[in-house]
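Asker: In terms of this note's numbering, the sequence shown opens at residue 797 and continues consecutively.
We put the beta carbon where it would ideally sit given N, CA and C, even for glycine.
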Amino acid sequence: MFKRKGRFLFMLILVVIAAYALRHPLSNLPLLKSVNQQGIPSLQAEAAVLLQADTGAVIWSKNANKRLYPASTTKIVTALVALERAKPEEQVKVGKEIHERTSGESSAGLVQGQTMTLRDLLAAMLLPSGNDAARSVAVYIAQKETGKKLTPEQAIDRFAEMMNAKATSLGAKDSHFVNPHGLHDAKHYATAHDLALIAQAAMRQTTFRDLVNQGEYTVKTSSTRLVFENRNKLLQPDSEYFLQGVNGIKTGFTDEAGYCLVSSATRKNQPFIAVVLHSTETDVWLDSKALLQYGFEKS
C-alpha cells in the first residue's frame, strides 16, 4: 500500500513539473550572461560579447571586461577618431612615417609621397589591415589638430591621446591605446565590451560603415592602381565561414593577442555586434558566427 502511494505521489510530481514547463518554457527565462548559457556553442575565445547595436544591450558575454591585447581591431577607434576630426575627401600625403614598419607586419603597400583621400587611406587601413596606412592616418590627424609639423613619434603619441579620450567618452574605460595599429605593447589593451562600444559608435559613421562592408576597394593614383581586399571571411561569399547579413567590421592578430574579430550583422532590422578576443585561427570565425546566429535566433 505504501509503495502504491509512493508511486502515485511520484507520478503526481511529474505531472506538476510537466504542466509548469509547458506554461513557462526555458526560452522565456532570463538570459544568463556566462559561457554556460543554453542555446549557444561553447566558444574557444578567451573573451567575447554580443551586443544589440541599437540599444547597447549585452545579449551574451564571456570575460567581457577582461583586459586583453586587441591587435588590429585597434584600427576601429583609429578610424573613428579620424572621421570625427576630418572629412573623408580631404587629401592626405603619405609621409616618412610608413618607414616605421617592421618586417612581417601587415601593410597596404603605400609609398612615401603618394597622395590619396582620407577615405582611401582608411580603406587601406581597414580592409587589408595596413599598419602603414594607420600610421599615416595618425600623423595627418595629429598635425591637423595641433597645427604643427610633428615627427612620426610625436604625432602617434598625440593621436593615442585622442584615441583614449574618445574611448573614455564612449564608456570604454577599461581600455588603453598607445598606437593606431595595434602592434603589441604591454600598455596597449582593451576589453571585449569596450571594443563593442567603440564599434557601435564607428558604425554610426557612414564612411566607416560603407568601407567595412566592402569586399574590395580600388584606389587609383597618378602612378599606380591599388586594390585592397577585405580580410573578413564572414563577408566573403565564397568562404566556408560566410554568414548572410554580416556587414563588417575588423580582424586582428598578433602572437600575443591571438586571433581577434569584431563583426557586425543585421537581420530583420536587428543589428548586432560581436567581439571575439584571443581565439584561434579557425575558431575566431566559428566563435563569431555562433554569437551572431545566437543573436538572430533571439531577435
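#1: Identify the continuous beta strand (DSSP E) that holds residue 1090 and give its terminal residues.
#2: Starting from residue 948, follow the beta strand (DSSP E) in both directions and report where the run begins and ends.
#3: Could you spell out the range, first to last residue, of the beta strand (DSSP E) harbouring residue 858?
#4: Between which residues of its own chain and residue 896 is the CB-CB distance below 7 Å, once the five residues before and five after are set aside?
#5: Give the straight-line distance between the Cα atoms of residue 1059 and residue 1038, rounded to the nearest whole angstrom.
#6: Which value, in whole angstroms, describes the spacing of the CA atoms of residue 1079 and residue 1093?
#7: Which one of 946, 1045, 986 has the shortest CA to CA distance from residue 964?
#8: Can you check which of these residues, 928, 1095, 961, is closest to residue 979 by C-alpha distance?
#9: For residue 1026, name the three-state secondary structure that DSSP assigns.
#10: Identify the continuous alpha helix (DSSP H) that holds residue 844 and give its terminal residues.
#11: Buried or exposed, going by whether 16 or more other CB atoms sit within 10 Å of the CB of residue 853?
#12: Could you check where the beta strand (DSSP E) with residue 912 kicks off and where it finishes?
#13: Within 10 angstroms of the Cβ of residue 1085, are there 16 or more other Cβ atoms? Answer buried if so, exposed if not.
#14: Go to residue 1075, then tell me how far its beta strand (DSSP E) extends in each direction, as first and last residue.
#15: Can you tell which of 937, 1053, 1030 has the C-alpha that lies nearest to the C-alpha of residue 915?
#16: Helix or strand or just coil, what does DSSP make of residue 803?
#17: How about residue 999 and residue 877: are their beta carbons less than 8 Å apart?
#18: Nearest to residue 935 by CA position, among 882, 984, 982, 967, is which residue?
#19: Compute the distance between the beta-carbons of residue 922 and residue 875, then report whether it is under 8 Å.
#20: Could you tell me which residues DSSP pairs with residue 894 in its beta bridges?
#21: Would DSSP call residue 906 helix, strand or coil?
#22: Give the DSSP bridge partners of residue 877, in chain order.
#23: Excluding sequence positions up to five away, which residues of its chain have a Cβ less than 7 Å from the Cβ of residue 1064?
#24: Just confirm the distance between the C-beta atoms of residue 1070 and residue 846, as a whole number of angstroms; I'd bet it's less than 8 Å.
#25: Taking residue 1021 as the reference, which of 990, 864, 920 has the closest Cα?
#26: I'd like to know whether the C-beta atoms of residue 1054 and residue 1074 end up nearer to each other than 8 Å.
#27: Just confirm the distance between the C-beta atoms of residue 1048 and residue 867, as a whole number of angstroms; I'd bet it's less than 8 Å.
Answerer: Checking against the coordinates, here is how it stands:
#1: If you number the sequence shown from 1, residue 1090 lands on position 294. Premise fails: residue 1090 lies in the alpha helix (DSSP H), 1079-1094, not in any beta strand (DSSP E).
#2: Indexing the sequence shown from 1 puts residue 948 at position 152. That residue, residue 948, is in no beta strand (DSSP E); its alpha helix (DSSP H) goes 948-965.
#3: Indexing the sequence shown from 1 puts residue 858 at position 62. Note, residue 858: beta strand (DSSP E), 854-858.
#4: Counted from its first residue, the sequence shown places residue 896 at position 100. Correct list, in chain order: 931, 948.
#5: The residue given as residue 1059 occupies position 263 in the sequence shown. The residue given as residue 1038 occupies position 242 in the sequence shown. Each residue's Cα considered, the two are about 12 Å apart.
#6: Mapped onto the sequence shown, residue 1079 falls at position 283. Mapped onto the sequence shown, residue 1093 falls at position 297. Approximately 20 Å, taken between the alpha carbons.
#7: Counting from 1 along the sequence shown, the entry for residue 964 is found at position 168. Checking every option, the nearest Cα to that of residue 964 belongs to 986.
#8: By 1-based counting over the sequence shown, the position of residue 979 is 183. With distances taken between Cα atoms, residue 979 lies closest to 928.
#9: Here residue 1026 is taken as the residue at index 230 of the sequence shown, counted from 1. It is coil, neither helix nor strand.
#10: The residue given as residue 844 occupies position 48 in the sequence shown. That residue, residue 844, is in no alpha helix (DSSP H); its beta strand (DSSP E) goes 843-848.
#11: For the purposes of this step, residue 853 is identified with residue 57 of the sequence shown, where counting begins at 1. Exposed.
#12: Counting from 1 along the sequence shown, the entry for residue 912 is found at position 116. 911-913 is the extent of the beta strand (DSSP E) around residue 912.
#13: Along the sequence shown, read from residue 1 onward, the residue named residue 1085 stands at position 289. With 16 or more other Cβ atoms within 10 Å, it is buried.
#14: If you number the sequence shown from 1, residue 1075 lands on position 279. Per DSSP, residue 1075 belongs to the beta strand (DSSP E) from 1066-1075.
#15: Residue mapping note: residue 915 aligns to position 119 of the sequence shown, counting from 1. Measuring from the Cα of residue 915, the nearest candidate turns out to be 937.
#16: Residue 803 sits at position 7 when you count from the first residue of the sequence shown. Only weak support exists for where residue 803 lies, its pLDDT of 47 falling under 50; the coordinates are left without a value.
#17: As a first step, residue 999 is located in the sequence shown; it is residue number 203 there, counting from the start. As a first step, residue 877 is located in the sequence shown; it is residue number 81 there, counting from the start. In this structure, residue 877 does not lie closer than 8 Å to residue 999 by Cβ.
#18: As a working mapping, residue 935 is identified with position 139 in the sequence shown. Nearest C-alpha to residue 935: 882.
#19: For the purposes of this step, residue 922 is identified with residue 126 of the sequence shown, where counting begins at 1. For the purposes of this step, residue 875 is identified with residue 79 of the sequence shown, where counting begins at 1. The answer is yes: Cβ separation under 8 Å.
#20: Within the sequence shown, the letter at position 98 stands for residue 894. DSSP, once it has assigned bridges, lists no residue as partnering residue 894.
#21: For this step, residue 906 is matched to residue 110 along the sequence shown. Correct three-state label for residue 906: coil.
#22: The residue you call residue 877 lines up with position 81 of the sequence shown. In DSSP, residue 877 forms no bridge with anything.
#23: Stepping through the sequence shown from its first residue, residue 1064 is reached at position 268. These residues qualify, in order along the chain: 1095.
#24: Position 274 of the sequence shown, counted from the start, is the residue given in the question as residue 1070. Position 50 of the sequence shown, counted from the start, is the residue given in the question as residue 846. Contact flag correct, Cβ pair sits at about 5 Å.
#25: By 1-based counting over the sequence shown, the position of residue 1021 is 225. Looking at the Cα atoms, 920 is the closest of the given residues.
#26: The residue given as residue 1054 occupies position 258 in the sequence shown. The residue given as residue 1074 occupies position 278 in the sequence shown. Closer than 8 Å, so yes.
#27: Taking the first residue of the sequence shown as position 1, residue 1048 is located at position 252. Taking the first residue of the sequence shown as position 1, residue 867 is located at position 71. Right, their Cβ atoms sit about 3 Å apart.
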